[in-house]
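Peer 1:
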Amino acid sequence: MRLSVIIILSLFVLVSSAQTPQELKSYLPKMQAWKITEEIEIFTPENLFERINGAAPLFIENNFREMTSMEYQKGENYITIQAYRHASPTDAFGMYTSERSEDLTFYPIGAEAQGDNMGLYFYVGSFYVKMSASEDTESNGKAMRQIAKLFAEKIDSQADYPEVFRKFPKEKSLPYTKFYTTTNYIGHEFLKGVYSCEYEDGGTTFQLFYMDGKSKEEMKTILDKYFTFTKQSLDFSEGKLLLKDKYNGNILCIWNGQYLVGIFNESGGVIPESDWLDRIQQSFFSK
2 MRLSVIIILS LFVLVSSAQT PQELKSYLPK MQAWKITEEI EIFTPENLFE RINGAAPLFI
62 ENNFREMTSM EYQKGENYIT IQAYRHASPT DAFGMYTSER SEDLTFYPIG AEAQGDNMGL
122 YFYVGSFYVK MSASEDTESN GKAMRQIAKL FAEKIDSQAD YPEVFRKFPK EKSLPYTKFY
182 TTTNYIGHEF LKGVYSCEYE DGGTTFQLFY MDGKSKEEMK TILDKYFTFT KQSLDFSEGK
242 LLLKDKYNGN ILCIWNGQYL VGIFNESGGV IPESDWLDRI QQSFFSK
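Residue numbers for the sequence shown follow the working numbering, so the first one is 2 and each next one is one higher.
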C-alpha cells in the first residue's frame, strides 16, 4: 500500500512539473500598454504541420510533445509566443540549436537565447520558445526581451545547458557553439544523440563530440559501422582510435565502454593530438 502511494505521488510530481498550456499562460508577465489575449492555441505532433508545415518533422524528430501559442496585443501591434514542449531538456536544446543562427544577437535569457527586434528564440527547461513581433522596432524588441526573461524564469529559474556539457573542457571553447544532434551527426545515420562543442587552438577550429551508446556492445556495433564506412580494419579495441573519414577528415577518438569522445577539423587542419586526447581522457574518463 505504501509503495503504491509513493508511485502515485511520484507520478503526480512528474505530471505537475510538465507545465500545462494554462500554467504557461499564467507565467506571462503583465506589461504596460500590452494586453494578453484570451485565446490559447495548442498543437500536438498530429497537427503541428498545420502551423509550421515543412518544419514539423524536425520538431517531431526532437521528441516534440506540445506547442502552446499565446499573444500580446497593443493596438494593431502584437507579439506572438510559441512554447514548444519536448520530452526532455536535451530534446528542447537539440531543437533550439538546429535553428541557431550566426546572424542574431545572443541574450542572457533562459539557458541560451538569440534574436533581433522581429524575433526572439530561447531554450529553457524542456521548452524551445519562439517569439515574433508584428513590426521591426526597438520598442518591440525590448518588450520581447522583457517578456522572455520573466517567462523563462517562471519555467526554470536555474536553466542551464544539458549536464553532460560540464564534462567538456572549458578552456579554448567557443561561445554559443554547443549542440545536440538527434541523428545523422556529420552525415552518418549511425551517429545519434551526439553532444558537441567547437574549440579554437593555435588558429585551428575544431569540434569535440561525445556520445553514449548505452552499452559497450552497442558502441562496438556503432564503431563497426563507422570503420566499415571508412574501409578500415575491424580489428580495433578500446582506447585511442583514428577514423579516416573522407567527408569529415581524420577523427581522433577515445572509446571507453559505452562512450565515445572525438575531435576533428572539417578543413583538415592539424589538431594537437597528444594534448587534446589527454584533455579528453582527463575531462570525460578520469575518476
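Glycine included, every Cβ here is placed at the ideal spot set by N, Cα and C.
Name, in chain order, the residues that DSSP records as bridge partners for N251.
Peer 2: Per DSSP, K245.
Peer 1: Apply the 10 Å Cβ neighbour rule to G188 and answer buried if 16 or more other Cβ atoms are within range, or exposed otherwise.
Peer 2: Under this definition G188 is an exposed residue.
Peer 1: In chain order, which beta strand (DSSP E) runs of at least 3 residues are fully inside the region 114-197?
Peer 2: If we require 3 residues or more, the beta strand (DSSP E) runs fully inside the region 114-197 come out as 120-125, 128-134 and 180-182.
Peer 1: Can you have a look at D137 and say buried or exposed, based on whether 16 or more other CB atoms are within 10 angstroms of its CB?
Peer 2: With fewer than 16 other Cβ atoms within 10 Å, it is exposed.
Peer 1: Could you check how far apart the C-beta atoms of T21 and Q74 are, in whole angstroms? I think they sit under 8 angstroms.
Peer 2: In fact, because the Cβ distance is near 23 angstroms, the residues do not count as touching under 8 angstroms.
Peer 1: On the premise that S127 lies in contact with A93, defined as a C-beta separation below 8 angstroms, what is that separation, rounded to the nearest angstrom?
Peer 2: Right, their Cβ atoms sit about 5 angstroms apart.
Peer 1: What does a CB cutoff of less than 8 angstroms around P163 pick up in its chain, not counting 5 residues either side in sequence?
Peer 2: Within the same chain, P163 has close Cβ partners P90, T91, F94, Y181 and Y196.
Peer 1: If you pair each beta-carbon of the region 244-258 with each one of the region 219-236, do three or more pairs fall below 8 angstroms?
Peer 2: Yes, the region 244-258 touches the region 219-236.
Peer 1: Near K288, what residues of its chain come up, given a Cβ to Cβ distance below 8 angstroms and the 5 sequence neighbours on each side ignored?
Peer 2: Counting only Cβ-Cβ distances below 8 angstroms, and skipping sequence neighbours, we find nothing.
Peer 1: Among residues of its own chain, excluding the 5 on either side of D279, which ones have a beta-carbon nearer than 6 angstroms to its beta-carbon?
Peer 2: No residues qualify anywhere along the chain.
Peer 1: Name the residue from P46, R52, F265 and M132 whose alpha carbon lies nearest to the alpha carbon of N64.
Peer 2: Minimum Cα distance to N64 is reached at P46.
Peer 1: Mind the definition here: the region 109-126 touches the region 137-151 only if three or more C-beta pairs lie below 8 angstroms; say whether that holds.
Peer 2: As far as the Cβ criterion goes, the region 109-126 touches the region 137-151, which means the pair count is three or higher.
Peer 1: For the alpha helix (DSSP H) holding R52, just list the boundary residues, first then last.
Peer 2: R52 -> alpha helix (DSSP H) spans F50 to I53.
Peer 1: Using the rule of at least 16 other Cβ atoms within 10 Å of the residue's Cβ for burial, across every protein chain shown, is F123 buried or exposed?
Peer 2: By the 10 Å Cβ count, F123 comes out buried.
Peer 1: Just the Cα atoms here: how many angstroms apart are Y28 and F152?
Peer 2: Rounded to whole angstroms, Y28 to F152 spans 6 angstroms at the Cα level.
Peer 1: Using a C-beta cutoff of 8 angstroms, does M68 count as contacting chain B?
Peer 2: Absent from the structure is chain B; it holds one protein chain and no more.
Peer 1: For D202, which of helix, strand or coil comes out of DSSP?
Peer 2: Strand at D202.
Peer 1: Can you say whether A34 is buried or exposed, counting buried as having 16 or more other CB atoms within 10 angstroms of its CB?
Peer 2: A34 comes out exposed.
Peer 1: Does the Cβ of N48 have 16 or more other Cβ atoms within 10 Å, making it buried, or fewer, making it exposed?
Peer 2: Flag for N48 reads exposed.
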